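All residue numbers for the sequence shown refer to the numbering used here, where the first residue is 49 and numbers rise by one. A virtual CB, placed ideally from N, CA and C, is assigned to each residue, including glycine. In this text the structure is predicted, and so the values were computed from the model without any measurement.
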Amino acid sequence: MSDGISRADVAHLANLARIDLSDAELDRLTPELTVILESVAQVAAIASADVPPTSHAVPLSNVFREDVVTPGLTPEQALAGAPAVEQQRFAVPRILGEDA
Numbered sequence: 049m050s051d052g053i054s055r056a057d058v059a060h061l062a063n064l065a066r067i068d069l070s071d072a073e074l075d076r077l078t079p080e081l082t083v084i085l086e087s088v089a090q091v092a093a094i095a096s097a098d099v100p101p102t103s104h105a106v107p108l109s110n111v112f113r114e115d116v117v118t119p120g121l122t123p124e125q126a127l128a129g130a131p132a133v134e135q136q137r138f139a140v141p142r143i144l145g146e147d148a
């Protein structure tokens, strides 16, 4: 690749993006952006049409089990271990102070 992106290029891009960069930030970001652009260029040079884009290095498969309908708990079974029950519901302390 060429000598990379110039400090003026970084300042111009920052201006277009409405980002106010200090001189120190411009000095630090210029070589960093050069490395990033060179890395992207290397990937682009290696990538070919016969290699499809991927999001993972290895194929993933769905690990979910089949949906099987099974009987659930009755209200009495679900509430059996509750410390307090009110009208077939868990009774909990009021925390908001609002009337129901």
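To the nearest angstrom, report how far apart A89 and P101 are at their CA atoms.
The residue you call residue 89 lines up with position 41 of the sequence shown. The residue you call residue 101 lines up with position 53 of the sequence shown. In a straight line, the C-alpha of A89 is about 16 Å away from that of P101.
Find out if the Cβ-Cβ distance for the pair T78, V58 is shorter than 8 Å.
Start at 1 with the first residue of the sequence shown, and residue 78 comes out as number 30. Start at 1 with the first residue of the sequence shown, and residue 58 comes out as number 10. Yes.
In whole angstroms, what is the alpha-carbon distance linking L85 and D98?
The residue given as residue 85 occupies position 37 in the sequence shown. The residue given as residue 98 occupies position 50 in the sequence shown. Cα-Cα distance, rounded: 23 Å.
My output table needs one value for V133: the three-state DSSP class, helix, strand or coil.
Looking up residue 133 in the sequence shown gives position 85. Residue state, collapsed to three classes: strand.
Just to confirm, does D57 get its C-beta within under 7 Å of one of the non-hydrogen atoms of the ligand ZN?
Only the bare structure without any ligand can be found here, which leaves the ligand ZN out of the picture.
Note down the Cα distance separating I53 from V116, rounded to an integer number of angstroms.
The residue given as residue 53 occupies position 5 in the sequence shown. The residue given as residue 116 occupies position 68 in the sequence shown. Between I53 and V116, the C-alpha separation is close to 58 Å.
When burial is assigned at 16 or more other CB atoms within 10 Å of the CB, is M49 buried or exposed?
Within the sequence shown, residue 49 is the residue found at index 1, counting from 1. With a pLDDT of 43 at M49, under the threshold of 50, the modelled position of that residue is not reliable, and the figure given next carries that caveat. With fewer than 16 other Cβ atoms within 10 Å, it is exposed.
T82 lies in the alpha helix (DSSP H); which residues open and close that run?
Against the sequence shown, residue 82 aligns to sequence position 34. Here the alpha helix (DSSP H) through T82 covers D71 to I94.
List the residues that DSSP assigns as beta-bridge partners of F138.
Here residue 138 refers to the residue found at position 90 of the sequence shown. DSSP output for F138 lists V133 as bridge partner(s).
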